[in-house]
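Protein chains in written order, with this note's numbering: chain A, -12 to 180; chain B, 1092 to 1284. Glycine residues also receive a C-beta, built at the ideal position from the N, C-alpha and C atoms. Single-structure report; data block below.
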Amino acid sequence: MSQPGCASPIPAATLLEYWLGELDEAQEGRLDEHLLGCGHCSANLQSLVDVAGEVRAAVSAGAVHAVLTDAFVKRLAAQGLRLREYRVPHNGSVYCTVAPEDDLLITRLDAPLTGVERLDLEHLGEDPGLERLRDVPFDAAAGEVVYTSRIERVRALPATTLRVRLLAVAPSGERLVGEYTFHHTPHRPGGSR
Amino acid sequence: MGVNDASDHAGLDDAALVRRIAAAPGGGDVAAETELYHRLAPRVRLYGLKHLRDGQAASDLVQQVLMLTLERLRAGKLRDAERLVSFVFGTCRMMVLDLRRTGARRERLLDRYAGDVPMADPAASPRLDRARLIGCLERLSERERSVLVMTFYDDQPARDVAVALGLSEGNVRVIRHRGLERLRDCVMGGGPS
């Protein structure tokens, strides 16, 4: 039980499985004991936990762009985060803004996704930070694509119109699944959403 | 109280520290106790976070386990110094059950021993650069980012992320492992270029 080094270091993937409770009871017990006795492996686990904590903090701060799910968004709301959500009908448009008190910006695109194997999300317009997001995850049965955008980036936008397209990608080519328009205006105190 | 400097003990393995503490009954070797405390506290805290999922409870566990451990060592009741890990492990398991049941023992122990053992904040680990981490997250593929965000936000196992995203559990594990490796390489390597 000395500080440096480890004769049988635990792989990062196993450490993550341990942390997430994916190991069986016997495996978990063995790792519990190993980690209590091994500074090297416990430091590796700590670095992984630190990364997880920072990812959590970044998401809570609206600093991460990511495709999510409806259930995940509900968990965010249940934890007290202030969400500004816009649902855009298939091939529809929406007027939108972001207020200073909003923690996260959630966009829901209604889309017919049955039969789609790969989906790309393409941003058109004046948002230079985002272009084409390839192979975004989606649940076809849900009939929607849910994502969060980097909220500071959106806050900084002037009044503008942005377009997003969903594209189904197949070996035979790609087809347009839906096109969505966002009429963005900067937040005005006392103004309507 | 002993006069040894903590740096004298940094090169000793844990069993040697146990023997030093046992040879100085009544908390006589403060430096050895401090060194052992600093080694064990982060590991016990991780154990607590894993099994209690609460930072304050994990900190309580650290105090309780190390108080009992040092008390046992001071009294020379751990006959085999090489059995330290087994003792700490057993104590952690017992205390976690206890913490889940009641906080009464904590109050009792803190009243009895507060100020009598070297205390430190084992939660204080080096912080990651969040801006760098966000930049590195942006470099991941959409699937990697979604899987890592949904995994780390509230420690979701692969099974649950797979159901949410309409993927297989095995696929989520592969994406998660690849994404985590890329993220850590990027963060540790100085951030996105």
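query: Run down chain A in chain order and give the residues with a C-beta less than 8 Å from the C-beta of residue 1255(B).; result: 56, 58, 59 and 126
query: On the criterion of 16 or more Cβ atoms from any shown chain inside 10 Å, does residue 1259(B) qualify as buried, or is it exposed?; result: exposed
query: Output the residue ranges of the alpha helix (DSSP H) runs that lie fully inside the stretch 37 to 122 of chain A and measure 4 residues or longer, sorted by chain position.; result: 57 to 65
query: Could you compute how far the alpha carbon of residue 87(A) sits from the alpha carbon of residue 1227(B)?; result: 26 Å
query: Quick check on the DSSP output: the alpha helix (DSSP H) that includes residue 1270(B) runs from which residue to which?; result: 1260 to 1279
query: Cβ atoms of residue 143(A) and residue 103(A): under 8 Å apart, would you say?; result: no
query: Could you tell me if residue 52(A) is buried or exposed, where buried requires 16 or more neighbouring beta carbons within 10 angstroms of its beta carbon?; result: buried
query: Taking 8 Å as the CB-CB limit, is residue 91(A) close to chain B?; result: no
query: Have a look at residue 136(A) and residue 33(A) and give me their C-alpha separation to the nearest angstrom.; result: 29 Å
query: Pull out every residue of the stretch 1226 to 1243 of chain B whose Cβ sits closer than 9 Å to any Cβ of chain A, in chain order.; result: 1228, 1229, 1232, 1233, 1234, 1236, 1237, 1238, 1239, 1240, 1241, 1242 and 1243
query: Per DSSP, residue 134(A) forms a beta bridge with which residues?; result: 54(A) and 94(A)
query: Cβ atoms of residue 90(A) and residue 68(A): under 8 Å apart, would you say?; result: yes
query: Can you list, in chain order, the residues of its chain with a C-beta nearer than 6 Å to that of residue 172(A)? Leave out the 5 residues immediately preceding and following it.; result: 84 and 146
query: Which of the three DSSP states, helix, strand or coil, is assigned to residue 147(A)?; result: strand
query: What do you reckon, are the CB atoms on residue 106(A) and residue 133(A) nearer than 8 Å?; result: no
query: Short of 6 Å in beta carbon distance, which residues of its chain neighbour residue 162(A), apart from the five on each side in sequence? Order them along the chain.; result: 155
query: Three or more beta-carbon pairs under 8 Å between the stretch 1239 to 1251 of chain B and the stretch 1175 to 1194 of chain B, yes or no?; result: no
query: Confirm, please, whether the CB-CB distance from residue 1161(B) to residue 1286(B) is below 8 Å.; result: For residue 1286(B) there is no data in the structure shown, the boundaries of chain B being 1092 and 1284.
query: Mind checking if residue 1283(B) is an interface residue toward chain A, Cβ cutoff 8 Å exclusive?; result: no
query: Quick one: is residue 8(A) near chain B, going by C-beta distance under 8 Å?; result: yes
query: Given a threshold of 16 other Cβ atoms within 10 Å of its Cβ, counted over all protein chains shown, does residue 1188(B) qualify as buried or as exposed?; result: exposed
query: Tell me whether the stretch 1128 to 1143 of chain B and the stretch 20 to 28 of chain A touch, counting them as touching only if at least three CB pairs, one residue from each stretch, are closer than 8 Å.; result: yes
query: How would you call residue 148(A), buried or exposed, if buried means at least 16 neighbouring beta carbons within 10 angstroms?; result: exposed
query: Keeping to the same chain, check which residues put their C-beta closer than 7 Å to that of residue 126(A); ignore five residues upstream and five downstream.; result: 56
query: Distance check for residue 99(A) and residue 78(A), CA to CA, integer angstroms please.; result: 11 Å
query: Run through DSSP, which three-state label would residue 171(A) get?; result: strand
query: Could you name the residues of chain B that residue 132(A) contacts, counting a contact when the two beta carbons are closer than 8 Å?; result: Those within 8 Å of residue 132(A) in chain B number zero; the least Cβ separation is about 11 Å.
query: Please identify, using Cβ separations under 7 Å, the residues of the stretch 18 to 33 of chain A that lie next to chain B, in order along the chain.; result: 19, 20, 22, 23, 24, 26, 29, 32 and 33
query: Starting from residue 1247(B) and walking both ways along the alpha helix (DSSP H), at which residues does that stretch end?; result: Per DSSP, residue 1247(B) belongs to no alpha helix (DSSP H) and is neither H nor E.
query: Please state the DSSP three-state secondary structure of residue 1230(B).; result: coil
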